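Residue numbers (UniProt numbering): 1 to 1269.
Yeah, the Cβ is synthetic: ideal placement off N, Cα and C, and Gly gets one too.
Quick caveat: nothing in here was measured; it's all calculated off a predicted structure.
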Amino acid sequence: FERHFYLIDETSGFLEVVITRAGYLGATSTVRMSVTGITAVLREDFAEPVHSHVQFSPGQTRVLWRMRIIDDRRHEGNETLSLQLVSPRSCVISQFAHALVMIRDPEDGESQEKIRQRSRVSSIGWATGTLPVSILSYSDFVMRIEGPSSVVTLEKGKTRAYCPVTIIDDTLYEPEEKFQVLLLPYIGSHVDGARQVTEVIISPDRYDEPQVFFMRPQYHVDESAGSVRVEIQRNGTDLTRSSSVFVKTRQMTPKQAEAHKDYVPIAELVYFAPHVTSQTVHVTLQDDTGSPRVEGEESFEIVLRMPVNTRLGVTHTALVTINDSFSDLPIVQFQEKITQVRESSGVSRVPLVRKGDLTLPSSVRCYTRQASARAQVDFTERADREGWVVRFAAGASKAYCEVEIRDDHVFEREERFRLVIRADDHKSRIGRMNETIVIITDAEDKPLILFTKRRIFVEEPSSEAQQTQVHITVQRTGDTTHASRVRVFTVDGTAKAGKDYQPLDKIILFNGSLSTFDASIQILYNSARKIRRAFSVRLLHEDEDDVTELGLSKAVIYIERAHSSAVTFPLPPEVVSLRHYDDVSKSPKEAAPGYPVICVTACDPKHSRYAETGSLCNSQEIDWKRTQYIWSVALPGQTTFSDVTSGTFFARNDVITLDSFYLTPGSRVRCSARAMSNRGELGLVSKSSALNVSHAKDGLCPSRDPDHVGSQLFTASIAFTGARGDGKANMVHIKVQIPHTDGMVPVISTRRFTIRDVVSPGIMRIAGHRCSNVVDLPEMTTAYGFLSDDHRSLAPRPHSEPYQYDSGLRGNTTVRFYRNLDMESCVWNFESFFDISELTQICGGSMETNEHVETLTQSQIALRVPLYVSYVYQSKRSLSDWLHYDHATFLRLTLVYDTAVLLKDGVQTPAGSTVSGSLWLTSIRIRDSDKKLVVTFKTKTKFRGVFLLKRGGKSTLVSRDHPELSFTLKLIASQQTYESPEQRWQFVSDYAVKDYTGSYYVKLVPCMAGEDASYTDPPVCTVKDLITFNLPIRFQQIPDPVPAQFTLAVKFLLMSEKDLWMRGDLRNITAGGMDNAFTKDSKIYGLIALDQGTRPAEARGGYQVAAEKVYLCSGQGGFVPSYEPAKNKFGCLADSLDLIHRLKVLDRQTPDSVSPKLGSEPFEARFASDDPAARGLAERVDSDGFALNTAPLFQVSSGRKWFMHAVYSVSSDHKSRRTRSAEGYHGNKQIRHILTETLVHTKSRDRREASEVQDIGKNKGTNMRMIQL
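If you want it as structure tokens, here you go:
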């Protein structure tokens, strides 16, 4: 409410009330008006309000509310009612929520004298009255209402009386107010109309008026403070109204602090909202930071002026004093926290900087404090006294604290001491950086060993007789008081130790007397060196705690080629058929298919123009027999030539002749010949012109139907030789005849094969096909083979082609292979002799025993030998592929033998024994826990009784070849009978040795039972003398399955954690994460990773590992397969009598040749590149992997040991393993001798390897792991 009391006449008609709103005015607000009659009655004195709600529109602050007053013409005296604001919406109701309304009707009353106060409604300056009720707030006086209580009586004789009016003293400050007192007639009295009204003035109460004043009369502030905060306080009993006061700064007289120079003047109005008691003003101080000056104390005043709704207090002036006596003093400190100085400099000048008022001079003390550097030993001490003062002249901002550094010749590493400053007078102060650390470095005295030259050039010797030495100097500088040892050694580059130079590896001891050392290296003559080659000499610390450092630790020595011109052929070479080698000039322009071609150089006496070129060849001293050859072929329909890089097991591709296998009809062939002098110096390359190969019908053995592909039938026979006198008695003779056509090569084997494995000259060919025509004579493991050096096959044959069997031109292997071809009849004839053991144990044959025939003294067995024959041709589309036609058959041979000559009952007792029996072995094994020999055997008596372990005597076992061994023998089981019982025994060696091979004597206690005796336990029998069985045993401890030379520094791990496998990083794999035991429902994750930690730094990176083949095998009787080709041990790569199971589960090149399952359980084997989840591993080049199920391995009997054999390749990182095709893969440059060479030499062109397992131990590797189930 705007007012809290309303006085209205009954005849006014309407009551008008003003409601105000303050605060946020942006929204619509409503409030309800509640009207309650006190003495006034609804519908008699006032009507029901038409609008009970009051609404404020946005931005509206005042609303006028009206209510009708009823005039009833009855005299009722003063009547009251109350107004209250309730139910606010979007607003709150303040403390002024009540208003009191008084309705009077003097016109209806009788004529009486009354005294009453009169208040003029809505007049500014008029006081507000209130009824005499308990709440008197917000009123100025208590009204005298019309009635008996307001009558003033003058007693008889009295001329004066008083009319008391109560004045209300509240806490609100109000200006001057006034009200009127009316004198009305009462009961016949008469009132003078001229003096009927008097006016009462209520003066303002100065104690209720708020006052403003400064909180503090004085402020002291430093000039660097930036500003001064001045607080203005307001207090008083009435803070309900807003107040304001004007604040301004004022310079003092006489002038001290200057406006705009020392401070920023202000003149602003400070506003106090209702109930706010404090406000703050900020005066900005201006510091003379650009050019500081010490000015002392300067003052200015802040005054309050023009208060509104308040008055000024006592402290309406505040004094602000600015003092720069300290802040503008010059500050001295070190420029750097750390200062380095060389010991050889002699003096350290540490800079001190000064800022502030530089107009006056300053001085500080600078003194030292020793740490690792010692005073008077490493530096001259500065004491903390007057003599060690650093002075700043007036205007100077920088000075130096000098310390003398003492130099010696002993290496002491880094030494430190501190410099500290403190004030020497009152004209300066010390900054935060009051000390600095001085580090004395001693690089000049540091012992250093280095080569004096980075590069050395030396010319190679011109012959083997010439001695060429290169000298390289190793020098030590600095502190020589300590002894130092370094190793100087050579490292191969393009120059190789032993071929180009003699390696050096020597330890040099530098003591006080030795400061230089000359290392001498001998340069060797190398005829194959054609360009400049280099190797390096390096230094390496021998003592880890040696303080000596290495300076130039690597020197490169370049071996320059001796200045001589390269030899070259006078004319290009000529390519002709070998049939026309004797008369090159008359050779036809096309070569017939089916016969080799030869490259005839200009220095070959057979050359058509040798009469002209012979003298030129002699003058250059060219040795034409040492020429190097490269053959190139353009296949039919192709214009570009490709080098012949895929060698075969029967013919080389880098000799003077090229086998007819590579000559397809319609192709073109040429050769590249590189001359070589008789001193072994390589010359330039000369290329021949191309020679066309004629059509197939012009060949030596043309096909009967050249328009159709296929192969003709072959014949094979098997026979038993019986008694002979040529060393081939009682052997099986196998003979195979194969029709020949030009360009065809037959492959014969008793085991199934893939062409890529057998045609290429790799180890897989020998390991898997030892009874085959692909195995040359030096590689044979059987007594005889399909290829031989029989003198009869070496004899000249009638009607043979020229040079057909010339091993000088074609090579021994090629001639040996082609001696089985009859060129006249165009038929291949292969024959060989095998004994039955070789056929069944090596060649894959099997024996089938039939029932007895004819008589009880004879039996028959059938020998069944598989035979696989392939007709192989060079592909007409790619030099790296072959076309082949495969055949398979079985050869069967039936043998009849006398049964009586065979041994039936194992080891027998010696002749002449009173009692006898038989003994046979059941198992021999090495116990895993302690590597002791465990042998199990069975016995059977040939008398009525049993063998006993102990009674009267004791059954024992001794070794004739190992007398130092002792054994523990025990009886495991025995049949409960006396009628030749079968008993099972076991003995265990008490010690473990490497080789258990030898004769063992088993001595058992026989015990004979009576004829009518029944079996009892223990047996009732008569003990006889010990009987002895001679038991021969051949058994050795198995070493590591794969020698180190075949691993190529590659780790082969088996693990069960897929996440660990997919990372493919050896550094993240611990011993607990690999070689786990695998359960039936798990997977085996194989990882093949290059062990970078074992490789030299310069050889790390750039190599690619790829898994090629994975085999599984299991042996019998605890047999552990091993891989040592030199001893005819091929692990899981080849069949063996000792292997029960041998499976190939993965093959990258020939996936159709793998075994997908064992029994009914699939392996589901796949390489990491075929597993989308193993993308991270597949993208790595230094590792590869594969995964397979373990369930198939549990299909065999419990306790069987399984082994996994992996074949992998290591090649240069030329292409990604995952993007190359089968052909592109072999385009990679292969690494040779990776274990012994640190640099990789690649040929000038990429040469495709013919097989995935070309050279295990060189660019191919293999490894084996046992699978723990």
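Cβ-based burial, residue i [other Cβ within 10 Å; buried from 16]
i: F56; result: buried
i: S122; result: Annotation note: pLDDT 29 at S122 (below 50); position unreliable, no value reported.
i: Q874; result: buried
i: V18; result: exposed
i: M252; result: exposed
i: F1203; result: buried
i: E48; result: exposed
i: Y207; result: exposed
i: P593; result: buried
i: L448; result: buried
i: V901; result: Its pLDDT being 32, under 50, V901 is placed unreliably by the model, and nothing is read from it.
i: D479; result: buried
i: P761; result: buried
i: H260; result: exposed
i: K496; result: buried
i: residue 1276; result: With the chain covering only 1 through 1269, there is no way to say anything about residue 1276.
The alpha helix (DSSP H) enclosing residue i, as first and last residue numbers
i: L616; result: Y610 to S619
i: W828; result: Run containing W828: none in the alpha helix (DSSP H); it sits in the beta strand (DSSP E), V827 to F834.
i: W1061; result: K1058 to R1063
i: D757; result: I755 to V759
i: G808; result: S807 to R810
i: M764; result: I763 to G768
DSSP bridge partner residues for residue i (one or two, in chain order)
i: W631; result: C671
i: V63; result: I19
i: F510; result: S484
i: V1023; result: C1007
i: R533; result: I559
i: I1088; result: F1052 and D1184
i: D222; result: N323
i: S717; result: K735
i: E459; result: E560
i: F246; result: L269 and R305
Rounded Cβ spacing between residue i and residue j (contact assumed at less than 8 Å)
i: F830; j: V759; result: Incorrect: roughly 16 Å between the Cβ atoms, too far for contact.
i: E574; j: S694; result: 17 Å between Cβ atoms; not a contact.
i: S243; j: V281; result: Going by Cβ atoms, the distance from S243 to V281 rounds to 15 Å, so no, they are not a contact pair.
i: S553; j: L450; result: 7 Å
i: A673; j: S686; result: 5 Å
i: Y1111; j: L1143; result: 7 Å
Host beta strand (DSSP E) of residue i (start-end)
i: L1031; result: I1027 to I1033
i: V332; result: I331 to F334
i: V303; result: E297 to V308
i: M731; result: Run containing M731: none; DSSP gives neither H nor E here.
i: I8; result: F5 to D9
i: A267; result: A267 to F272
i: T936; result: L933 to T941
i: W126; result: Unbroken run through W126: none, as it is neither H nor E.
i: I472; result: T468 to T477
i: T284; result: S278 to T284
i: V438; result: E435 to T441
i: P665; result: Counting along the chain, P665 falls outside any beta strand (DSSP E), and DSSP gives it neither H nor E.
Subject >> Complete alpha helix (DSSP H) runs within the region 557-584 (minimum length 4 residues, chain order) >> reply: none
Subject >> beta strand (DSSP E) runs wholly inside the UniProt domain "Calx-beta" (320-422), at least 3 long, in chain order >> reply: The qualifying runs are 331-334, 338-342, 347-355, 362-370, 389-392 and 398-404.
Subject >> Those runs of the alpha helix (DSSP H) which lie wholly inside the region 957-1000 and span at least 4 residues >> reply: none
**OP:** Just list the beta strand (DSSP E) runs in the region 1103-1130, keeping only unbroken ones of 3 residues or longer that don't cross its boundaries, in chain order.
**Re:** 1103-1115
Original post:
Which runs of the beta strand (DSSP E) fall wholly inside the region 1126-1203 and span at least 3 residues, in chain order?
Top reply: 1139-1147 and 1183-1189
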